[in-house]
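Student: One structure is given below, represented as structure tokens, and several questions about it will come after.
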Amino acid sequence: MAHLTRWKRRLQADLLIHPDIDEALSPTVIEDLCRRAGHAWRTSFWSPAMTLTTFLLQVLDGAKTLRAAVALLLTHLAARGDVRLPSCDPAAYCQARRRLPLRAAVGMLEHVTGRARGLVEGPATWLGRRVYVVDGSSVSMPDTPELQKAFPQPSGQKPGCGFPVARFVAVFCWTTGMILHVAIDALGRHEMGLFRSLWGVFQAGDVVLGDRAYSAYVDMARLLQRQVFCIFRLHQRRKADFRTGRRLGRGDHRVLWKRPRSWMASMGISRQEFAELPETLTVRLVRITEVPRGFRSRTVIVVTTLTDPRETPADEIRALYRDRWTAELNLRSLKEDLGMGVLRGQSPDVVHKEIVMHLLAYNLIRLLMWHAAARHGRDLRRLSFAGTLHRLRALLPLLVQRPDCRTLRRLGDFLLASIAADRVPDRPGRFEPRRRKRRPKEYSLLIRPRRWYQLHGDRGGRWLQAI
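The sequence shown begins at 4 in our numbering and counts up one residue at a time.
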């Protein structure tokens, strides 16, 4: 099967847009990860390296179908003159993707994200500290019995009328925008439980940035015991009284919080661990009054365990908290631009792999943006994620022409230069109401399982109004 080895080498050479992508798609790395996961495979066209590479092409492609991914791969091979090609039927690829171990895909993701930690050094940090932004979201998937069991639909929907939904919490690198870790579970589990499972990512001296859902006494105290500091928005149930505590500056007070009176199971710790928590916690309240027009609140109160005003001035904290919105923008890029909002897998295992591959594609794009900004002296936050994705999609067909090393290097340089040139304007105070101008089509809502309509008829949905 020497022709299979030739296909692997040629495919890898044609996708050599940047050394980071080359390293991520290296057949040696992929097969080594599969061996570590205990996966054994026979010699065939759909080897683990070929399957994962095609999976990544499927995620990057706008159609995201099995047929489109296989067609793109076979077009690469046919354009090079290869004649011993497999069938165009995507069934074999689908089976190979199902056999692929999830641990291998996770290993690839960890292999790429490990490079992000090495990029964040010195000036790339915030006051000498690494900052991580945490936020949660959800994804939908096909309505199958297996997925409904693993990720039940929202409780307010009738059986057969909704879709399975998975909740996830992601930890973003504040500097690069890459996703360093993610926790996935059913919609019924709260974000805090998923957030607590990610604490192993943080190291002593790090700063966690998040919204009001994470500003609980127990979690802030436990993170501080790990020497991990927090900057969260104050929870709506906790009132801020700037007349108490010690005044550090305008809209900047240091106050003392008391431990909750009783233990609750939702705290995520045992009664003994709750009793071992400190009875008081010194926190700092910082008021932000200059909120841009369009935000839902005129005044924002931020709570932080960084209590030294000399080491962390209040204005620096205010400016950093405004960057919490980057998590919302990153999630939008992941779910809308990259298309992870609605998954296509038919089983929980494939759904998990699909999420991991989307995260891998997202991080590779962020890595290209980082190198483009570093080479051409641009602000990384002003580069367009969607523009980078479009340029990467446009470049893939050109690689079918089998360019030589010099042409390939020129294409890579052009890619980084075009990414650096596509700058998003800085528009502070931009106000865009969340309202839709284009009306949806006037179809009746699905209020019964679709099978019921197939048996009893629909008649345009008019007669159902009397039910």
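Don't be surprised by glycine CBs; every beta carbon is placed ideally from N, CA and C. Remember, it's a predicted structure, so these values are computed and weren't measured experimentally.
Rounded to whole angstroms, what's the CA-CA distance from Ser336 to Ala278? Just pull it up for me.
Tutor: 42 angstroms
Student: Once you ignore the five residues that flank Gln239 on each side, which residues in its own chain have a CB closer than 8 angstroms to its CB?
Tutor: Arg215
Student: Between His393 and Val62, is the Cβ-Cβ spacing less than 9 angstroms?
Tutor: Cβ atoms of His393 and Val62: not closer than 9 angstroms.
Student: What three-state label does DSSP hand Val115 in the structure shown?
Tutor: helix
Student: For the beta strand (DSSP E) holding Ser141, just list the boundary residues, first then last.
Tutor: First-last of the beta strand (DSSP E) with Ser141: 134–143.
Student: Considering Trp266, what are the terminal residues of the beta strand (DSSP E) in which it resides?
Tutor: Note, Trp266: premise wrong, no beta strand (DSSP E); not H, not E.
Student: If you measure between the beta carbons of Val303 and Ile234, is that distance less than 9 angstroms?
Tutor: no
Student: Bridge partners of Trp129, per DSSP?
Tutor: Arg132
Student: Does the beta-carbon of Leu36 have 16 or more other beta-carbons within 10 angstroms, so that it is buried, or is it exposed?
Tutor: buried
Student: CB Gly208 to CB Val172, shorter than 9 angstroms?
Tutor: no
Student: Could you tell me whether the stretch 367–374 touches the stretch 414–428, where touching means 3 or more Cβ pairs closer than 8 angstroms?
Tutor: Short answer: they touch.
Student: Could you check where the alpha helix (DSSP H) with His459 kicks off and where it finishes?
Tutor: 453–459
Student: Spell out a yes or no on whether the stretch 177–196 and the stretch 100–119 are touching, meaning 3 or more CB-CB pairs, one atom from each, closer than 8 angstroms.
Tutor: Proximity of the stretch 177–196 to the stretch 100–119 meets the contact definition, three or more beta-carbon pairs being nearer than 8 angstroms.
Student: Buried or exposed for Met270, going by 16 or more other Cβ atoms inside 10 Å?
Tutor: buried
Student: Nearest to Arg430 by CA position, among Arg385, Ala107, Trp49, Gly380, is which residue?
Tutor: The residue among Arg385, Ala107, Trp49, Gly380 with its C-alpha nearest the C-alpha of Arg430 is Arg385.
Student: Look at the alpha carbon of Gln275 and the alpha carbon of Met267, and state the distance between them as a whole number of angstroms.
Tutor: 12 angstroms
Student: Have a look at Ala186 and Val109 and give me their C-alpha separation to the nearest angstrom.
Tutor: 12 angstroms
Student: Starting from His184 and walking both ways along the alpha helix (DSSP H), at which residues does that stretch end?
Tutor: Note, His184: premise wrong, no alpha helix (DSSP H); beta strand (DSSP E) at 182–189.
Student: May I ask which residues mark the beginning and end of the beta strand (DSSP E) holding Cys233?
Tutor: From DSSP, the beta strand (DSSP E) with Cys233 extends over 232–236.
Student: Could you give the DSSP three-state label for Gly213: helix, strand or coil?
Tutor: Here Gly213 sits in strand by DSSP.
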